[in-house]
Ligand SMILES: [Mg+2]
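Right, here's the structure in full:
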């Protein structure tokens, strides 16, 4: 099986650590970014199979970051992620592959990743 590379973008360190540990257990190669600018730099340098993107971040939020990612690679798979109730639907979020509510239980995230990468 080829290495599947996933970039996790979240301003909260505990979420980055949780998602990294849980997804590495699934066999994915994980890289981390703590804000949108860092994420865009990493995506420009090397390709990722998937980006897991927090919506609520200081500076550039997840929706703005998503739009910039799509300018770099319009086919980039992106899962938007935010805490329950935090997310107000935005038209531009439709260009993401999926939306997952952030949770300590990462089963929904894992199954969403599997279904996107299989497609
Ligand atoms: Mg956040």
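Residue numbers (our numbering): 15 to 133.
Built from N, CA and C at the ideal position, the CB exists for glycine as well.
Worksheet item: Say the cut is 8 Å; is the CB of residue 71 nearer than that to a heavy atom of ligand 1?
Response: yes
Could you give the residue range of the beta strand (DSSP E) that holds residue 113?
112-115
Quiz item: Where does the unbroken beta strand (DSSP E) through residue 118 begin, and where does it stop?
Solution: From DSSP, residue 118 is part of no beta strand (DSSP E); its letter is neither H nor E.
Our contact map puts residue 130 next to residue 66 with C-beta atoms below 8 Å; I'd like the distance itself, whole angstroms only.
Not really, about 10 Å apart at Cβ, beyond 8 Å.
| query | Thinking just about the alpha-carbon of each residue, which of 43, 116, 56 and 29 is nearest to the one in residue 87? | reply | 56
Determine the extent of the beta strand (DSSP E) in which residue 160 is found, giving its start and end residues. Only positions 15 to 133 of the chain appear in this structure, which leaves residue 160 out of reach.
For this session: Would you mind reading off the limits of the alpha helix (DSSP H) that contains residue 19?
Result: Note, residue 19: premise wrong, no alpha helix (DSSP H); beta strand (DSSP E) at 19-23.
Residue 69, DSSP secondary structure in three states: coil
Practice prompt. Starting from the Cα of residue 89, find the closest Cα among 46, 96, 72 and 80 and give me that residue.
Written response: 80
Practice item. Following the continuous beta strand (DSSP E) through residue 31, name the residue where it begins and the one where it ends. Key: It is not in any beta strand (DSSP E) - residue 31 instead sits in the alpha helix (DSSP H) that spans 27-39.
Using the beta-carbon count (16 or more within 10 Å), is residue 93 buried or exposed?
buried
Is it true that the CB of residue 107 sits closer than 9 Å to the CB of residue 127? no
Paired residues, beta bridge with residue 93 - DSSP: 66 and 112
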